[in-house]
Amino acid sequence: MTTPLATYLPQLRDAVASSSRVVLLLDFDGTLAPLVQRPELAALPQPTRAALTALQSSPRVTLAFISGRALADLRSRVGLNAIYAGNHGLEIEGPGLDFHGVDLIQSTEVLRAVSAKLAEKLHAIPGAQVEDKQSSLSVHYRNVDPSLAPRVKQITQSVTASYTNFVVLHEGKLVIEVRPRVDWHKGKAAEWILQQIASPAPLIIAMGDDRTDEDIFRSVPDSISIKVGEGPTSARFRVGDPGEVGRVLELIREAVSCRATV
Numbered sequence: 001m002t003t004p005l006a007t008y009l010p011q012l013r014d015a016v017a018s019s020s021r022v023v024l025l026l027d028f029d030g031t032l033a034p035l036v037q038r039p040e041l042a043a044l045p046q047p048t049r050a051a052l053t054a055l056q057s058s059p060r061v062t063l064a065f066i067s068g069r070a071l072a073d074l075r076s077r078v079g080l081n082a083i084y085a086g087n088h089g090l091e092i093e094g095p096g097l098d099f100h101g102v103d104l105i106q107s108t109e110v111l112r113a114v115s116a117k118l119a120e121k122l123h124a125i126p127g128a129q130v131e132d133k134q135s136s137l138s139v140h141y142r143n144v145d146p147s148l149a150p151r152v153k154q155i156t157q158s159v160t161a162s163y164t165n166f167v168v169l170h171e172g173k174l175v176i177e178v179r180p181r182v183d184w185h186k187g188k189a190a191e192w193i194l195q196q197i198a199s200p201a202p203l204i205i206a207m208g209d210d211r212t213d214e215d216i217f218r219s220v221p222d223s224i225s226i227k228v229g230e231g232p233t234s235a236r237f238r239v240g241d242p243g244e245v246g247r248v249l250e251l252i253r254e255a256v257s258c259r260a261t262v
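Written out as C-alpha cells, the structure is:
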C-alpha cells in the first residue's frame, strides 16, 4: 500500500541525517520538472535547482538522473556534475562512468526507418510530434485533440508492426515510446549505477511519475520509492506533483547539512 510521503517526512529526515551515503535516483519530466505542452520547453523550477545544486556539493550524496530523454538533452537541462542515464538507461555517463553496453546497431537502423515513416504518416494530425532520440523514439500526442489520440496510437502500431523483432512500444503519459527490443530498462540502469557505487551501502531514494519509473521501484525494492502524482504504483510513498518533489529535495538538503554540522 502506498503511503502519503507527508506522514513519513520526520523519518525520512532522520534516515538521511544518519546515513553516510545517499543516492538519489530521479526522473526528469513530471517528477523534477512539470509536464509542459512542448517537451523542449521543460525546465527545472528554481527551488528544485537550488536544492539539487546544494546536494551536488555534498560528498555524501550521489545524484543520478534517469530519463526517457536523450542523454545529451537531459544533461543540458540539468547541468550538474552528476550521473545521467538517457533513453531509459540505454546510455549512461557520469564521473568515472560510461555505459553504452547494449548492442543497438541493427535496432538504430530500424529506428531511423520507423522515424521517417511515422513523421510522414502523422504529419496530417495537428499536434502530433515524433522525437528522434537516436537510441529510441517518442511519439508525443500531448497537443493532439483527444478525439484523434486513438488515431495516433493506431498509426504508431501500424508502422511498427513490421519491425516487432527489433522494436517494442511502451505507453507513457500522452506519449508512446518506440524502443529497441532489448532486455534493458530504467530499473536495470538503476541497478547498474548502484553496482558502480563503492560501499558503504547507501540510502537510496527513488522518485518518478510514469510507468517506466515503476521498473526502478521494482528493481530497487529496498529504496525509499516515491511516486509523483496519481495512478497505480509499486512505490512505497506518494507526493502530489513536482512542486512537492522540490520541497522534499529541500528537506533532504537540510538533513544532509544537519549531519555535516554535527
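Going by full-length UniProt numbering, the residue at position 177 of the sequence shown is 177; the numbering climbs one at a time, nothing skipped. Even glycine gets a Cβ: it sits at the ideal position worked out from N, Cα and C.
| Item | Value |
| --- | --- |
| Looking only at C-alpha atoms, which of 75, 166, 234 sits nearest to residue 217? | 234 |
| Under 7 Å between the Cβ atoms of residue 70 and residue 94? | no |
| Check whether the stretch 140-155 and the stretch 46-64 touch, using three or more Cβ-Cβ pairs below 8 Å as the test. | no |
| Kindly indicate which three-state DSSP category residue 131 falls into: helix, strand or coil? | strand |
| If contacts are defined as beta-carbon pairs under 8 Å, then residue 193 and residue 16 qualify, I think. What distance do you get, rounded to the angstrom? | Not a contact, Cβ separation roughly 19 Å. |
| In the structure shown, what three-state DSSP assignment does residue 18 receive? | helix |
| Please check the pair residue 75 and residue 44, which I expect to be a contact at CB under 8 Å, by giving their CB distance rounded to whole angstroms. | In fact, because the Cβ distance is near 13 Å, the residues do not count as touching under 8 Å. |
| Is residue 85 helix, strand or coil by DSSP? | strand |
| Touching or not, the stretch 163-171 and the stretch 23-38, by the rule of three or more beta carbon pairs under 8 Å? | no |
| Tell whether a beta-carbon distance below 7 Å holds between residue 27 and residue 208. | yes |
| Helix, strand or coil for residue 213, going by three-state DSSP, please let me know. | helix |
| According to DSSP, simplified to helix, strand and coil, what is residue 230? | coil |
| Sorted by chain position, which residues of the same chain lie with C-beta nearer than 6 Å to residue 262's C-beta, five sequence neighbours on each side aside? | Any reading at residue 262 must be qualified, since the residue scores a pLDDT of 47, below 50, and its modelled position is unreliable; the value itself is stated next. So the list is empty, once near-sequence residues are dropped. |
| Is residue 246 buried or exposed, if buried means 16 or more other CB atoms sit within 10 Å of its CB? | buried |
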